[in-house]
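Reading through the structure tokens given below for one structure.
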Amino acid sequence: MPTSDRLPAVEIRSLDKRFGQREALSGVSLRLDAGEMVALIGASGSGKSTLLRHIPGFVTGDAGEVAVFGATMQSAGRIASTIRRDRAQVGFVFQQFNLVGRLPVITNVMVGRLHASPWWRRLMLRFSREDRQAALRALADVGIEETAWQRASTLSGGQQQRAALARCLVQQARLVLADEPIASLDPESSRRVMELLATMNREHGCTVLVSLHQVDFAIRYCPRTIALNGGRIVYDGPSAALTPALLGELYGSAAHELFEHARPAQAQATSAPPPIAIPSPT
Ligand code: ADP
Ligand code: MG
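The numbering of the sequence shown is the numbering used here, which starts it at 399 and goes up by one.
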């Protein structure tokens, strides 16, 4: 579909969200082009998960609009009637692993194909030979083919995240939203999960938006970073420019939370867009 490739993968306009008195998101606008790999950073409570959850319409905003590849997902606090169809393009990976522990890994992965199945198959969790083959291929792609018939609960954290990414592959998700997918992982597993996201971006053409608690992985893997503070975008530009000094400016004393392991010198931000100056909130 050549025309839809030119549509922005994500377009958010003036999104606001309150939880009671708390402003979780305030005037958030952003646009991701198809094919980008973008980091979303911010201290805990800055609104990363809330923002990600608005994109597939798991949460409705109080105001604003969200579209994915040109399809409206929500507008002015209302979920679009076409959301089921359009959500099929979006893969989601959570910080807390989102597999069904008692089911085999392969079943968890095949669930990614359900949107393409007739309703009776969906209802019965019945899968075809092609579903099984696609799941095995995806598990091989993420390097854990041998775990296919184990219960998901027996996988390590890193393997579970890779299985969740395999599910995005069989789903043929064009947009992958990953909410702190490496927060609970050791450094080596973190690296492998980030490498895999980068491969999905490069080789499968997935647009990736990944929230990260720490900025060093953003700098290493994502040309562009969007930074949130108190529910507002405070920076949107090349990850390479996120020096400790700039993070200090953006976050003040909370900055240390973000670059505990930062290695800003390793930046690679060749295809990043120019930085956008964001007016600071008054
Ligand atoms: P992050 O993912 O960056 O840690 P969140 O998006 O989880 O931040 O949270 C942003 C703010 O919104 C926080 O102050 C949090 O307490 C609040 N919040 C998030 N979800 C809810 C909810 N379901 N009910 C009430 N407050 C919430
Ligand atoms: Mg979160």
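Note that CB positions come from ideal geometry on N, CA and C, so glycine has one too.
Assignment of I439 by DSSP, reduced to helix, strand and coil, places it in the strand class. L413 sits close to L449, with the two beta carbons spaced by under 9 Å. Under DSSP, Y633 forms a beta bridge with A625.
Closest in alpha carbon position to S473, among I410, G489, R535 and V568, is I410. DSSP places I580 in the coil class of the three-state scheme, outside both helix and strand. In this structure, DSSP gives D460 a state outside helix and strand, which the three-state scheme calls coil. When C-beta atoms of the segment 549-564 are compared with those of the segment 468-488, fewer than three pairs fall below 8 Å, so the two segments do not count as touching.
Look at T623: its beta carbon is at least 8 Å from all of the heavy atoms in ligand 1. Judged by DSSP in its simplified three-state form, Q557 adopts helix.
Taking 8 Å as the cut-off, one finds no heavy atom of ligand 2 near enough to the beta carbon of D431. Residue burial annotation: D539 is buried, with at least 16 other C-beta atoms found within 10 angstroms of its C-beta. Cβ atoms of G440 and A616 stay farther apart than 8 Å, at about 11 Å. Taking C-beta separations shorter than 6 Å and ignoring five residues to either side along the sequence, the partners of S588 in its chain run I580, following chain order. Distance from the C-beta of F417 to the nearest heavy atom of ligand 1 is below 8 Å.
Rounded to whole angstroms, S637 and A643 show a C-alpha spacing of 13 Å. In the DSSP secondary-structure assignment, E655 is not bridged to any residue. Residue pairing by DSSP puts I477 in a beta bridge opposite Q472.
Around ligand 2, the residues selected by a Cβ distance under 7 Å to any of its heavy atoms are S442, K446, S447, Q493, D577, E578 and S609, following chain order.
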